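In case it helps, the working numbering puts the sequence shown at residues 48 to 567.
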Amino acid sequence: MSRKARKSTSSVPRRVMRVVTGIITMIVLIALFAALMILPGPKSLIDRVQATTDAIDQTVSPTQSETYCPAPMALADSGTYGDSEFQATVGNLATQARYAAFGSVYSASVAAFGDDSASASSAVTLKDDDATDEDQVKTGSEKISQGSRLIDTHMLTAEAGTGTAGSIASWASDGDLKGVSAASCVATALRQSFLLPSTATGTTQQLIVANPSTKPTTVDVSVWGSKSAGKLTMSTQSTLTVPAGGESTLELSAAATAQDGLYATVSSKETPIAAVVRVVSMDGLTSKGSDFAMPLGAASNAAVASSVNEGDKATAYLFAHVDTRTELSWITASGLVHAQDVTVKAGQVSVVDLGDAPKGALGVMSTAEDKLFLTVKASRSGDGDQADFALINAAQPAAYAGLALPDDVTGTITLANLSNKEAKVTIHAYDAKGHAVKSRDVTLGANAAQAVKAADLADGDNAAVVLMVEDQDKQVGWNVRLSHDNLGDGKVAGLAAIGPTALVPSIAHVWARNDSTIVR
48 MSRKARKSTS
58 SVPRRVMRVV
68 TGIITMIVLI
78 ALFAALMILP
88 GPKSLIDRVQ
98 ATTDAIDQTV
108 SPTQSETYCP
118 APMALADSGT
128 YGDSEFQATV
138 GNLATQARYA
148 AFGSVYSASV
158 AAFGDDSASA
168 SSAVTLKDDD
178 ATDEDQVKTG
188 SEKISQGSRL
198 IDTHMLTAEA
208 GTGTAGSIAS
218 WASDGDLKGV
228 SAASCVATAL
238 RQSFLLPSTA
248 TGTTQQLIVA
258 NPSTKPTTVD
268 VSVWGSKSAG
278 KLTMSTQSTL
288 TVPAGGESTL
298 ELSAAATAQD
308 GLYATVSSKE
318 TPIAAVVRVV
328 SMDGLTSKGS
338 DFAMPLGAAS
348 NAAVASSVNE
358 GDKATAYLFA
368 HVDTRTELSW
378 ITASGLVHAQ
388 DVTVKAGQVS
398 VVDLGDAPKG
408 ALGVMSTAED
418 KLFLTVKASR
428 SGDGDQADFA
438 LINAAQPAAY
448 AGLALPDDVT
458 GTITLANLSN
468 KEAKVTIHAY
478 DAKGHAVKSR
488 DVTLGANAAQ
498 AVKAADLADG
508 DNAAVVLMVE
518 DQDKQVGWNV
528 RLSHDNLGDG
538 KVAGLAAIGP
548 TALVPSIAHV
558 WARNDSTIVR
């Protein structure tokens with residue numbers, strides 16, 4: 048073989064080796080580049096600003112908010128099949144809503160939301176008839192036939208005592224929704240949770256998730272039951288896609304059947320959502336009540352569900368993330384009356400039948416070793432085996448909290464002192480035009496409660512329909528029990544309760560200080 052041929056033959060492996068070496072080098076470089084992008088760098092190369100005595104604390108709070116008000120109470124299945132005599136119907140259902148803005152709110156309006164927004168009438172603008180007064184309360188109301196609402200609020204400054212509150216109330220004396228149902232308007236959040244009653248046959252629990260943002264989102268739904276500890280495997284989907292500016296629903300009673308109680312969470316990764324659950328109970332053709340289940344507040348060692356009155360049949364629902372024990376007591380004007388001691392298993396709903404509330408009862412209080420969630424179902428019966436119920440969450444004390452009472456319902460404020468020392472609060476009442484009508488100072492004994500009728504805060508013909516409670520020590524939880532006068536000539540039981548909205552800004556702290564070592 049010639050020298051030239053041998054040289055050509057030997058050069059082939061070398062070229063192959065160079066190609067292989069180049070590929071390996073490229074892979075290593077790509078891997079190093081990916082690692083640099085993913086892994087954190089050395090702490091010595093990171094600028095650090097800590098909260099120290101010489102740091103500047105800048106608080107940041109949003110000055111715009113959106114609050115969701117659910118549509119009127121409705122049946123999950125409104126089909127018109129079969130004999131008309133046996134068809135489900137909402138009967139003579141009527142719904143009223145009222146909204147109020149407190150403090151330095153320079154504009155607040157309420158518009159139809161979701162599928163009804165395109166064909167809805169003009170928005171309700173909250174107004175203060177006397178802009179020169181010091182109370183700065185704007186109000187608005189409307190009668191609603193269908194559809195949910197969204198309150199859009201713009202504030203001059205985010206400060207304590209500033210914000211909006213709203214509520215709706217539905218009632219009927221015939222049909223399948225006999226009684227009274229009510230809901231407060233819900234602020235958006237990334238996660239909301241609920242304690243719900245039995246999912247036995249005849250009960251529907253329709254989760255409604257609203258997405259006010261301009262992009263769709265997917266939420267995760269998780270449920271825990273009363274039969275065993277741990278998260279349940281749902282028999283329907285556990286995710287829900289919610290369109291931008293729209294709503295989606297999920298039937299929880301079908302997803303987790305035959306439970307005596309449910310704890311449910313709704314979580315969105317990026318887009319804040321608002322959620323409520325419409326609970327309707329039937330026994331064959333007999334209405335057993337309906338109400339909105341509202342999102343829970345924070346878990347607590349001391350929790351009180353007020354507005355449970357003498358003669359109510361009461362059932363407590365408890366949920367905790369760790370094993371704990373609690374004492375359930377009736378809270379009265381003179382203190383606590385022991386009801387039951389309960390062991391609560393982690394990750395399992397405890398359902399406690401408390402029987403009929405005794406004389407002087409104004410609520411149910413839980414004093415637990417560890418933090419837990421509490422909801423109480425209060426029920427009353429009417430003629431013909433009809434019944435109605437209210438789902439009452441544990442109250443959340445706040446320095447300032449506001450509430451708006453819809454037209455045509457009667458309200459009674461129940462204040463409950465969660466502390467073991469005396470507490471003082473002030474109730475400020477306003478009429479439908481935002482004018483101050485009366486203020487009242489209330490002193491509560493340790494672990495004691497007191498009821499105040501909204502009618503007692505009126506000034507002549509000026510009814511007290513907007514309320515704000517000032518509680519600087521944050522010791523008192525409160526809500527308002529609603530009824531409709533002489534519903535069905537007094538033959539139809541009807542009760543509901545709504546909680547206030549905390550008028551406290553969301554605050555984030557940004558710390559900054561001078562550090563010459565940051566620049567090298």
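Virtual Cβ for every residue (Gly too), placed ideally from N, Cα, C.
Just so it is clear, the structure is predicted and the values come from calculations on it, not from any experiment.
Q. Gly161 bridges to which residues according to DSSP?
A. In the DSSP assignment, no residue is bridged to Gly161.
Q: May I ask you to list the residues that DSSP assigns as paired with His475?
A: Paired residue(s): Ser486 and Met515.
Q) What first and last residue would you give for the alpha helix (DSSP H) that runs through Ala301? A) Ala301: member of the alpha helix (DSSP H) spanning Leu299 to Ala302, first to last residue.
(Q) With H, G and I counted as helix, E and B as strand and the rest as coil, what does DSSP make of Ser91? (A) Bear in mind that a pLDDT of 44 at Ser91, under 50, signals an unreliable position, so the number given afterwards is only what the model happens to contain. Ser91 falls in the helix class under three-state DSSP.
Q: Starting from the C-beta of Ala257, find all residues in its chain whose C-beta is less than 6 Å away, skip the five residues before and the five after it, and write them out in chain order.
A: Setting aside the 5 residues that flank it on each side, Ala257 is surrounded in the same chain by Tyr115, Glu294 and Ala321, each with a C-beta closer than 6 Å to its C-beta; the list follows chain order.
Q. Looking only at DSSP bridge pairs, what is Val313 linked to?
A. In the DSSP output, where bridge partners are listed per residue, Val313 has Gln239 and Val268.
**Q.** Own chain partners of Ala404 with C-beta closer than 7 Å, once the 5 adjacent residues on each side are dropped
**A.** Excluding its 5 nearest sequence neighbours in each direction, Ala404 has C-beta neighbours in its own chain below 7 Å: Val355, Asn356, Glu357, Gly358, Asp359, Ala361 and Trp377, listed in chain order.
**Q.** Where Ile191 falls: helix, strand or coil (DSSP)
**A.** Ile191: coil per DSSP, three-state reduction.
Q | Test item: CB-CB of Arg196 and Val227 under 8 Å | A | Taking 8 Å as the Cβ cut-off, Arg196 and Val227 do not qualify as a contacting pair.
Q: Tell whether a beta-carbon distance below 8 Å holds between Ala442 and Trp525.
A: Yes, they are a contact pair.
Q.
In whole angstroms, give me the CA-to-CA distance for Leu287 and Asp182.
A. Leu287 and Asp182: Cα-Cα distance of roughly 42 Å.
Q: Can you check DSSP and say which residues form a bridge with Tyr447?
A: Glu517, per the DSSP bridge assignment.
Q | Bounding residues of the beta strand (DSSP E) (the contiguous stretch that carries Gln111) | A | That run of the beta strand (DSSP E) goes Gln111 to Cys116.
Q | Nonlocal neighbours in the same chain, by C-beta distance under 7 Å from Ala549, ignoring five residues either side | A | Same-chain partners within the cutoff: Gln443, Ala445 and Ala448.
Q.
Judging by CA-CA distance, which residue of Lys190, Glu189 and Ala148 is the nearest neighbour of Lys174?
A. When the alpha-carbon of Lys174 is set against those of Lys190, Glu189 and Ala148, the nearest one is in Ala148.
Q.
Which of the three DSSP states is assigned to Gly277 in this structure?
A. Assignment of Gly277 by DSSP, reduced to helix, strand and coil, places it in the coil class.
Q) Assuming Thr461 and Ser413 make a contact with CB atoms under 8 Å, what is their CB distance in whole Å? A) No, Thr461 and Ser413 are not in contact; Cβ-Cβ is about 16 Å, not under 8 Å.
Q: Return helix, strand or coil for Thr186, following the three-state DSSP convention.
A: DSSP places Thr186 in strand when its eight states are reduced to three.
(Q) Could you check if Val266 belongs to the surroundings of the ligand PLP, using beta carbon to heavy atom distance under 7 Å? (A) Only the bare structure without any ligand can be found here, which leaves the ligand PLP out of the picture.
(Q) Could you check whether Val266 and Val289 sit closer than 8 Å to each other, using their CB atoms as the reference points? (A) Yes, they are a contact pair.
Q: Taking 8 Å as the cut-off, decide whether the C-beta atoms of Ile215 and Pro319 are in contact.
A: Contact flag unset, no.
Q) In three-state DSSP terms, what is Asp338? A) Reduced to three states, the DSSP call for Asp338 is strand.
**Q.** CA-to-CA distance, Leu529 to Val456, given in whole angstroms
**A.** For Val456 and Leu529, the distance between alpha carbons rounds to 6 Å.
**Q.** For Asp153, the residue or residues it bridges with in DSSP
**A.** The amino acid occupying residue 153 in the given sequence is Tyr; Asp does not appear at that position. According to DSSP, which records beta bridges pairwise, Tyr153 is partnered with nothing at all.
Q) Can you tell which of Thr250, Ala367 and Glu189 has the C-alpha that lies nearest to the C-alpha of Gly277? A) For Gly277, the closest of Thr250, Ala367 and Glu189 by C-alpha to C-alpha distance is Ala367.
Q: Decide if Ala501 is buried, meaning its Cβ has at least 16 other Cβ atoms within 10 Å, or exposed.
A: So Ala501 counts as buried.
Q.
Tell me the rounded alpha-carbon separation between Leu254 and Ile71.
A. Each residue's CA atom was taken as its position, placing Leu254 and Ile71 some 55 Å apart.
Q.
Less than 8 Å between the C-beta atoms of Leu452 and Arg145, yes or no?
A. Pairing Leu452 with Arg145 gives a Cβ-Cβ distance under 8 Å.
(Q) Just list the residues that DSSP pairs Val289 with in beta bridges. (A) Looking at the DSSP output, Val289 bridges to Thr264.
Q: Kindly indicate which residue of Pro117, Lys190 and Thr304 has the alpha-carbon position closest to the one of Val233.
A: Ranked by how close their Cα comes to the Cα of Val233, the residues Pro117, Lys190 and Thr304 have Pro117 in first place.
(Q) Between which two residues does the beta strand (DSSP E) holding Leu343 run? (A) From DSSP, Leu343 is part of no beta strand (DSSP E); its letter is neither H nor E.
(Q) Quick check on the burial criterion: 16 or more other C-beta atoms within 10 angstroms. Buried or exposed for Leu369? (A) Note that residue 369 is Val in the sequence shown here, rather than Leu. It is exposed - the Cβ of Val369 has fewer than 16 other Cβ atoms within 10 Å.
Q.
By the DSSP assignment, the beta strand (DSSP E) with Asn464 in it spans what residues?
A. It spans Thr457 to Asn464 - the beta strand (DSSP E) in which Asn464 sits, taken as one unbroken run.
Q) Whose C-alpha, out of Ala303, Ala434 and Ser192, is nearest the C-alpha of Lys538? A) Residue Ala434 is the option with its Cα nearest to Lys538.
Q.
Can you tell me where the beta strand (DSSP E) holding Leu421 begins and where it ends?
A. Per DSSP, Leu421 belongs to the beta strand (DSSP E) from Gly410 to Ser428.
(Q) For Asn348 and Asp176, what's the separation of their Cα atoms in angstroms? (A) Here the C-alpha atom of Asn348 lies approximately 43 Å from the C-alpha atom of Asp176.
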